[in-house]
Every structure is written in structure tokens, then in C-alpha cells.
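> Sending over a structure as C-alpha cells; questions will come in a sec.
In the working numbering, the protein residues as written are 152 to 636.
Dropping the structure here:
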């Protein structure tokens with residue numbers, strides 16, 4: 152069995168042609184989807200990067216593995232203490248350890264572990280290729296190593312190759328020489344002047360007023376695809392084009408990988424999987440080019456699986472899944488057993504039978520840029536915020552995603568009965584986690600006790616001063632009243 156796992160950082164499904172996007176961002180990914188299974192409702196349980204990949208690779212919610220943030224105590228897995236054996240749980244029951252146990256040779260081409268000091272994430276890999284730029288790679292940096300590995304070992308049997316692309320992640324750094332394939336394309340229709348005006352009345356890290364916030368990017372002249380403010384529809388188009396160009400540039404390089412499999416004669420014998428560590432907000436909740444909330448756009452990810460040996464026809468799976476449910480499914484498809492400590496649930500039988508089996512609801516958590524949990528049920532998403540991460544957000548948000556797919560109308564005040572239902576579901580899930588957790592601590596509470604979300608901790612006055620410098624005095628006053636009074 153050969154498995155190629157393409158892991159695209161910050162890739163939102165609705166900017167891919169196969170998920171309905173009108174721009175030609177993804178011809179190679181679209182071709183993959185046309186010959187495989189496209190999942191429409193897959194979500195990461197925890198976001199963003201470090202919590203997401205820790206959850207997927209451990210098979211457990213962040214509540215259970217301990218990693219829910221990007222800094223502080225809750226950026227490290229729970230210490231196992233006296234119950235730890237010769238190997239810890241990541242060494243014994245991680246996704247890669249389970250795939251190793253089936254006889255697969257596991258390989259990663261990624262700088263993720265070094266970027267986040269995620270040393271636990273390396274557990275179970277036989278070969279590790281750190282591409283060395285801590286997430287500032289472009290696709291050509293990744294392909295230089297991935298193509299070399301495939302040409303040397305791709306014709307062998309029994310391997311799992313993880314290839315991690317970063318191009319959709321800010322800063323938008325596709326080489327200038329690539330140009331802009333979307334220069335003549337209009338913006339998606341929901342980006343209106345009224346939408347932008349609402350954003351400019353708000354505030355927060357990576358808001359329209361300061362979409363680059365306090366990132367250590369150096370001079371933005373290095374990244375001409377990113378405007379300093381999104382203060383006009385022209386600047387908004389520049390921003391969206393920057394993201395879409397990154398997706399297209401990555402897609403070109405994915406095409407090179409897939410062509411290499413064909414050249415080796417193993418393409419039809421290789422399971423090809425494409426997914427992401429999280430999605431990306433591009434204006435939703437006034438977050439631009441980042442992943443800061445427990446909402447649809449940070450947590451919803453693409454999942455495309457092409458495996459002719461198991462399912463030879465194009466299919467669409469619309470059931471609700473956590474991303475680690477697919478990780479559990481892959482363990483079974485490879486001939487292994489899902490560990491008993493996993494939160495992920497395999498749906499391998501249903502997939503083999505070309506039927507669908509998913510969850511009734513999903514609970515989503517964010518603790519790096521805000522402290523939020525949400526519940527995704529039916530057509531609805533309800534978000535409870537305990538710390539807004541200095542964003543202009545209400546404590547409870549309720550969206551009907553079927554009629555309001557871009558989260559522009561908060562229904563919480565209009566439908567209190569649905570809010571009560573959602574909060575009851577969320578409270579029930581938290582009670583289940585308390586019973587299953589190794590200790591008595593909710594890691595979200597750890598984040599709150601240590602000063603709030605890592606990326607905005609202690610930043611209130613600095614953000615208010617920046618807002619005043621931008622002429623947004625009313626927004627600065629609201630921020631101070633909320634967080635400093």
C-alpha cells in the first residue's frame with residue numbers, strides 16, 4: 152500500500168474549483184476530486200496549527216491531549232507522570248505509530264515540528280525532512296525534497312509520505328515572476344462595499360484596519376501581494392488575489408507530484424489524500440488572512456481521497472466528520488486497529504460500501520487567538536466566547552450556514568431556543584470530556600488563567616494605540632472599555 156498525504160496549510164475548501172469556486176485556483180486538485188471522494192463537511196476539532204495537527208496525529212481532542220494553544224502550558228501535551236511506560240502515548244498510539252504497525256514506512260516533508268517546537272508530532276515517523284524555513288517555504292522548496300524522495304523510493308511498496316505545503320498561509324509570497332492569473336477575475340459576489348464598511352467599523356488582530364497586525368514580517372514591500380490596509384475594494388481584491396495565487400501556485404506543484412507518481416507507474420496503486428490543518432478567514436468575523444476563531448472558516452477543511460483499489464467512482468460524502476475520524480478510517484483501511492484512547496471514529500466500513508456514516512454534531516475549539524468553543528449541528532453553528540482575543544465579537548454567536556454562509560447575521564438574539572439547545576449540547580460534551588480527561592483541568596481554563604490567548608496576551612493597550620494612530624478612535628475607546636475598564 153502506498154499513501155501520499157498532501158497537507159496544505161490554511162486551505163479553505165470554498166476557494167477550490169471542486170468545492171464550487173469560480174476562479175481556476177485548483178485544476179490538479181479538481182482532477183483528483185473528479186476521480187475520488189470529496190468530503191464536504193470535515194472539520195478540525197481544535198485550531199489553529201499546533202492544536203489541529205496535534206489532535207489529528209494523536210487522534211484525540213485537545214481537551215484530552217492537552218494541546219489547545221500556541222504558547223504557555225497548553226501548548227505542551229499533558230505530562231503522563233507515573234502512568235508513562237517506556238514510550239509515551241504519542242510513541243504508542245499516535246497516527247503514525249499506528250500506520251507503522253501495519254508495515255508502512257512513514258515519511259514527512261515539513262518544517263511544522265520545528266516551527267511550533269512540536270517535538271511530540273514527530274513520533275512514529277521513520278524519515279523526517281525538515282525543509283528549514285519554519286513555515287516560510289514556497290512550494291518549490293517542498294517539491295525539491297518530495298520529488299527527490301519519490302524518484303528514489305516511490306516505486307517501492309508500503310509507504311506513507313506526508314507533504315506539507317505553506318503557500319496559502321500569510322504572508323502571501325508567491326514569486327513575483329508568477330504573476331497574477333486572477334488579475335482580470337472579479338471578486339466573489341459577497342465582497343461588497345457594504346460588507347467592507349462593516350469590517351472597517353470593527354477592530355481586532357488582522358481586521359480590515361490592520362490585516363497584518365503585529366506579525367514580524369519586516370517591510371511589507373517584501374510582500375507586494377498584501378496591502379497594509381483593506382480600506383477599499385481594490386485593496387480587498389489585492390488581498391483575495393494574493394491568497395488565490397498562493398493556492399494556484401501550490402496546485403501547480405501538486406501537479407508535479409502527481410505526474411511523478413504517473414511516471415513511476417504507481418499512480419493508480421497509490422492512495423492520494425488532500426486536506427489542511429485548518430481553513431482561513433478571509434473577512435468572516437472581520438478576520439483577514441488568519442485562523443482565529445471556532446467558526447466555519449477556521450475549522451472547515453477540504454478532504455479529497457482518491458484510491459481506485461477501494462472505490463473507483465467519483466463520490467461526494469456530505470456527512471459530518473472530524474478530521475481525525477478520517478485518520479482512524481485510514482488506520483483500518485491499512486489493516487490496523489484504532490487505539491482505545493482515540494476520540495476519532497473510523498467509518499471504513501461505510502466508505503468501502505460507498506455509503507455514508509457521520510456524526511450528529513461536532514464541537515470545535517480555538518484557544519490560540521481567542522478562547523471559544525462552538526457546536527456545529529444541523530444547519531447551525533453556535534459559538535460561545537470566553538475571551539474574544541481583542542476582536543469585536545459578541546459572547547454568543549449563532550449562524551444559519553444554509554442561508555448565511557459567510558456568517559454575517561448573528562441570530563442569537565432572535566432564536567434564544569436554538570442558543571439554549573446549542574449550549575446544552577456544548578455543556579454535555581464538556582461533561583463527557585471531564586470524565587474522559589487524564590486530569591481535572593480543562594486546558595481552555597489554563598489558557599484563561601495564564602492571561603488569555605497567547606497571540607493577544609497583554610496586547611490590549613498596544614492595539615488601542617495603533618487604532619488611534621489609524622484614526623479609529625471610537626474603536627479604540629470600545630476596546631479599552633471592554634478589556635481595560
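Ideal Cβ placement from N, Cα and C applies to all residues, glycine included.
Keep in mind that this is a model prediction, so the values were computed, not measured.
#1: Answer yes or no: do residue 286 and residue 317 have a C-beta to C-beta separation smaller than 7 Å?
#2: Where does residue 230 sit, in a helix, a strand or coil, going by DSSP?
#3: Could you pull the start and end residues of the beta strand (DSSP E) that residue 426 belongs to?
#4: What are the uninterrupted segments assigned as beta strand (DSSP E) that are 3 or more residues long and contained completely in the stretch 566 to 599, given in chain order?
#5: Given a threshold of 16 other Cβ atoms within 10 Å of its Cβ, counted over all protein chains shown, does residue 187 qualify as buried or as exposed?
#6: In whole angstroms, what separates the C-alpha of residue 156 from that of residue 363?
#7: Quick one: what does DSSP say residue 526 is sitting in, helix, strand or coil?
#8: Mapping the DSSP letters down to three states, classify residue 545 as helix, strand or coil.
#9: Out of 183, 176, 456, point me to the one whose CA is closest to residue 395's CA.
#10: Quick one: grab the DSSP three-state call for residue 235.
#11: With a 10 Å radius around its C-beta and 16 neighbouring C-beta atoms as the bar for buried, classify residue 596 as buried or exposed.
#12: Can you tell me where the alpha helix (DSSP H) with residue 381 in it begins and where it stops?
#13: Evaluate contact between the stretch 383 to 393 and the stretch 407 to 417, counting only Cβ atoms and requiring at least three cross-stretch pairs below 8 Å.
#14: Output the residue ranges of the alpha helix (DSSP H) runs that lie fully inside the stretch 228 to 294 and measure 4 residues or longer, sorted by chain position.
#15: Going by alpha carbons, who is nearest to residue 160 out of 559, 427, 468?
#16: Quick check on residue 524: buried or exposed, where buried means 16 or more other Cβ atoms within 10 Å of its Cβ?
#17: Apart from the five residues on each side of it in sequence, which residues of its chain come closer than 7 Å, Cβ to Cβ, to residue 633?
#18: Return the first residue and the last residue of the alpha helix (DSSP H) that residue 629 is part of.
#19: Count the other CB atoms within 10 Å of the CB of residue 578; is the residue buried (16 or more) or exposed (fewer)?
#20: Enumerate, from N- to C-terminal direction, the unbroken alpha helix (DSSP H) stretches of 4 or more residues contained entirely within the stretch 450 to 530.
#21: Within 10 angstroms of the Cβ of residue 479, are there 16 or more other Cβ atoms? Answer buried if so, exposed if not.
#22: Could you tell me whether the Cβ atoms of residue 164 and residue 453 are closer together than 7 Å?
#23: Could you tell me how far apart the beta carbons of residue 450 and residue 430 are, in whole angstroms, since I believe they sit closer than 8 Å?
#24: Considering residue 348, what are the terminal residues of the alpha helix (DSSP H) in which it resides?
#25: Hey, residue 639 and residue 471: beta-carbon distance below 7 Å or not?
#26: With three or more C-beta pairs closer than 8 Å as the rule, is the stretch 569 to 589 touching the stretch 213 to 233?
#27: In terms of alpha-carbon separation, which member of 292, 532, 519 lies closest to residue 511?
#28: Smallest Cα separation from residue 401: which of 460, 201, 626, 323?
#29: When DSSP labels each residue in this structure, what does residue 619 get in the three-state scheme?
#30: Is the Cβ-Cβ distance between residue 519 and residue 319 less than 7 Å?
#31: May I have the straight-line CA-CA distance separating residue 561 from residue 574, to the nearest angstrom?
#32: Which whole-angstrom value describes the C-beta separation of residue 255 and residue 425, a residue pair presumed to lie in contact below a C-beta threshold of 8 Å?
#33: Buried or exposed for residue 526, please, with buried defined as at least 16 other CB atoms from any protein chain shown within 10 angstroms of its CB.
#34: If you draw a straight line from the C-alpha of residue 546 to the C-alpha of residue 443, how long is it?
#35: In this structure, does DSSP put residue 170 in helix, strand or coil?
#36: At which residues does the alpha helix (DSSP H) containing residue 204 begin and terminate?
Concretely, from the data shown:
#1: Residue 317 sits close to residue 286, with the two beta carbons spaced by under 7 Å.
#2: coil
#3: 421 to 427
#4: none
#5: buried
#6: Roughly 30 Å separates the two Cα atoms.
#7: strand
#8: coil
#9: Answer by Cα proximity: 176.
#10: coil
#11: exposed
#12: No alpha helix (DSSP H) holds residue 381; DSSP gives it neither H nor E.
#13: no
#14: 240 to 244, 246 to 252, 263 to 266
#15: Proximity to residue 160 across 559, 427, 468 peaks at 427, based on C-alpha coordinates.
#16: Note on residue 524: 16 or more other CB atoms within 10 angstroms of its CB, so buried under the neighbour-count rule.
#17: none
#18: 624 to 634
#19: exposed
#20: With a minimum length of 4 residues, the continuous alpha helix (DSSP H) runs that stay inside the stretch 450 to 530 are 474 to 484, 499 to 503.
#21: Residue 479 comes out buried.
#22: yes
#23: A Cβ-Cβ separation of about 7 Å places residue 450 in contact with residue 430 under the 8 Å criterion.
#24: 344 to 351
#25: This structure cannot settle anything about residue 639, because the visible part of the chain is limited to 152 through 636.
#26: yes
#27: 532
#28: 323
#29: helix
#30: no
#31: 15 Å
#32: Incorrect: roughly 19 Å between the Cβ atoms, too far for contact.
#33: buried
#34: 15 Å
#35: helix
#36: In the DSSP assignment, residue 204 falls within the alpha helix (DSSP H) that extends over 200 to 209.
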